[in-house]
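These notes are about the structure you will find just below.
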Amino acid sequence: MLNKTKIKALFFLLSFTALLSSCNNKNNAVKPTAKTETTKSNALKKILFVVTSHNEKGNTGEKTGYYLGEVSHPWDVLHSAGYEIDFVSPKGGKAPVDAFDMTDAINKKFWDNEVYRNKIENTKTPSQVNPEDYVAIHYAGGHGAMWDFADNTEIAEIAKQIYENNGVVSAVCHGPAGIVNIKLSNGLYLVDGKKVNAFTNEEEVKVKLEDIVPFLLEDKLTERGAIFEKSAPFTAHVVTDQRLVTGQNPQSAHSVGKATLNELQKLAKNTK
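Here the sequence shown is numbered in this note's numbering, starting from 5 and rising by one per residue.
Below, the structure written as structure tokens:
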């Protein structure tokens, strides 16, 4: 009788221990940590840079392309902040480069980065881009942009979708050629009623290309309803208005990157 009592007690103890162990296992199950969630979130933080496919200034025979510093300086700011950058051009493939200045340390840093050098020499075509993958789009300048940005409806549609998905649109120097014809779902131009700037009429005259480019950016943006702001020629000037960031010239490229980052950080805080 005593043995049966001991056996029952032992059985009860073993059952209770098993139940307790099961509860502890559930409580100790692997849960997504803040770090895991952050890593997952960062993997989705991508920005699309637009560069020109055009390599000649009209019929002058003078070569052009995207202005290297207007890619490298915003890239340095945004990539250092943890964003992955992709590149698209109207034709895809290798983009022509202008102002290839390796005495600029940031230019050299970008050009020596094998991953990004490969990306910009193998740009995506517009059809390869999913706008939902990006929190911002940046139009780099260089005179080539004046010939193939404005009328590219595919990239304009990508920018429209990114913007209407609460993303940021930025552009510098001649890059705003890409935003002159973007129309939002409400039928209004993206720039309508917003403060913007770009390479000015006066700056175009100073580089003696006012009669070569297809249109003058300052005039076209004003025509579209933008409130055009500017500083003295080749002086850094950046303006931000309703998630649209624009810079006047190459001297503004770094500040455009910082202003774009600031807009993205504000959006991130608002979504928490």
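Just so it is clear, CB atoms sit at the ideal spot from N, CA and C, and this is done for glycine as well.
Since the model is a prediction, treat every value here as computed from it, not as a measurement.
Mapping DSSP to helix, strand and coil, what is Glu66? Along the sequence shown, read from residue 1 onward, the residue named residue 66 stands at position 62. Coil at Glu66, not helix or strand.
Quick check: does the Cβ of Lys95 come within less than 7 Å of any heavy atom belonging to the ligand FMN? The ligand FMN is not part of the structure shown, which contains no ligands of any sort.
Given that a residue counts as buried once 16 or more other Cβ atoms are within 10 Å of its Cβ, and exposed if not, what is Lys164? For the purposes of this step, residue 164 is taken as the residue at position 160 of the sequence shown. It counts as buried.
Work out the CA separation of Ser93 and Glu222 for me, nearest whole Å. Numbered from 1 along the sequence shown, position 218 holds the residue referred to as residue 222. Numbered from 1 along the sequence shown, position 89 holds the residue referred to as residue 93. The alpha-carbon atoms of Glu222 and Ser93 are separated by roughly 23 Å.
Just how far apart, CA to CA, sit Val211 and Ala103? Stepping through the sequence shown from its first residue, residue 211 is reached at position 207. Stepping through the sequence shown from its first residue, residue 103 is reached at position 99. Rounded to whole angstroms, Val211 to Ala103 spans 14 Å at the Cα level.
Where does Gly78 land, buried or exposed, given buried means 16+ other C-beta within 10 angstroms? As a first step, residue 78 is located in the sequence shown; it is residue number 74 there, counting from the start. Sequence check: residue 78 is Pro here, not Gly. Pro78 comes out buried.
When DSSP labels each residue in this structure, what does Thr43 get in the three-state scheme? In the sequence shown, counting from the first residue as 1, residue 43 sits at position 39. Below a pLDDT of 50, predicted positions are generally treated as unreliable, and Thr43, at 40, falls in that range; the measurement from the model is reported next regardless. Thr43: helix per DSSP, three-state reduction.
Rounded to a whole number of angstroms, what is the C-alpha to C-alpha distance between Lys30 and Ile166? Counting from one through the sequence shown, the residue named residue 30 turns up at place 26. Counting from one through the sequence shown, the residue named residue 166 turns up at place 162. Since pLDDT at Lys30 reaches only 45, below the 50 mark, its modelled position is unreliable, and the value read off the structure follows with that caveat. The straight-line gap from Cα to Cα measures roughly 41 Å.
Meets three-Cβ-pair contact criterion under 8 Å: the region 185-193 and the region 121-138: no
Enumerated in chain order, which unbroken segments of the beta strand (DSSP E) with a length of 3 residues or greater are wholly contained in the region 185-249? 242-245
Please state the DSSP three-state secondary structure of Lys273. Mapped onto the sequence shown, residue 273 falls at position 269. Residue state, collapsed to three classes: helix.
With C-beta atoms as the reference, is Ile141 less than 8 Å away from Val75? Position 137 of the sequence shown, counted from the start, is the residue given in the question as residue 141. Position 71 of the sequence shown, counted from the start, is the residue given in the question as residue 75. No, the Cβ-Cβ distance between Ile141 and Val75 is not below 8 Å.
Starting from Lys50, trace the beta strand (DSSP E) both ways and give me its first and last residue. On the sequence shown, residue 50 is found 46 positions in, with the first residue counted as 1. Lys50 to Val54 is the span of the beta strand (DSSP E), which, as asked, contains Lys50.
If you count every other CB in all the chains shown that lies within 10 Å of the CB of Val119, and 16 or more means buried, which is it? Numbered from its first residue, the sequence shown carries residue 119 at position 115. Label assigned to Val119: exposed.
So, do the region 174-186 and the region 141-158 have three or more beta carbon pairs nearer to each other than 8 Å? yes
Among Ala175, Leu82 and His241, which one has its Cα closest to the Cα of Leu265? As a first step, residue 265 is located in the sequence shown; it is residue number 261 there, counting from the start. The shortest Cα separation from Leu265 among Ala175, Leu82 and His241 belongs to Leu82.
Using only CA atoms, which one of Tyr193, Asn63, Gly73 and Lys112 lies nearest to Cys177? The count along the sequence shown starts at 1 and reaches residue 177 at position 173. Measuring from the Cα of Cys177, the nearest candidate turns out to be Gly73.
Is the beta carbon of Asp80 sitting closer than 8 Å to the one on Gly261? Translated into the one-based positions of the sequence shown, residue 80 becomes position 76. Translated into the one-based positions of the sequence shown, residue 261 becomes position 257. Result yes, Cβ atoms of Asp80 and Gly261 sit closer than 8 Å.
Residues near Ala257 in its chain [Cβ-Cβ closer than 7 Å; skip 5 each side]: On the sequence shown, position 253 is the one that residue 257 refers to. Gly73, Glu74, His77, Pro78, Val176 and Gly251, listed in sequence order.
Which residues does DSSP pair with Ser174 in a beta bridge? Against the sequence shown, residue 174 aligns to sequence position 170. Per DSSP, His142 and Val249.
Pull up the CB-CB distance for Lys198 and Ile231, whole angstroms please, since I reckon it's below 8 Å. Position 194 of the sequence shown holds residue 198. Position 227 of the sequence shown holds residue 231. Yes, Lys198 and Ile231 are in contact; Cβ-Cβ is about 7 Å, under 8 Å.
Could you tell me which residues DSSP puts in a beta bridge with Ile89? The residue given as residue 89 occupies position 85 in the sequence shown. DSSP, once it has assigned bridges, lists Ile51 as partnering Ile89.
Residues in the same chain with beta-carbon distance under 6 Å from Val173, minus the five sequence neighbours each way, listed in chain order, please. Taking the first residue of the sequence shown as 1, we reach residue 173 at position 169. Around Val173: Ile141, Ala163, Tyr167 and Leu248.
Through-space distance from Val243 to Ile89, alpha-carbon basis: In the sequence shown, the residue the question calls residue 89 occupies position 85. In the sequence shown, the residue the question calls residue 243 occupies position 239. So the two alpha carbons sit approximately 22 Å from each other.
Three-state secondary structure assigned by DSSP to Gly97: Within the sequence shown, residue 97 is the residue found at index 93, counting from 1. Strand.
Could you check where the alpha helix (DSSP H) with Asp152 kicks off and where it finishes? Reading the sequence shown from its first residue, position 148 is the one you call residue 152. From DSSP, the alpha helix (DSSP H) with Asp152 extends over Ala149 to Asp152.
In the DSSP assignment, the alpha helix (DSSP H) including Asp80 goes from what residue to what residue? Reading the sequence shown from its first residue, position 76 is the one you call residue 80. Counting along the chain, the alpha helix (DSSP H) containing Asp80 begins and ends at Leu72 to Ser84.
Can you give the Cα-Cα distance for Lys112 and Leu192, rounded to whole angstroms? Locating residue 112 in the sequence shown gives position 108, where the first residue counts as 1. Locating residue 192 in the sequence shown gives position 188, where the first residue counts as 1. Using only the alpha carbons, I get a separation of about 40 Å.
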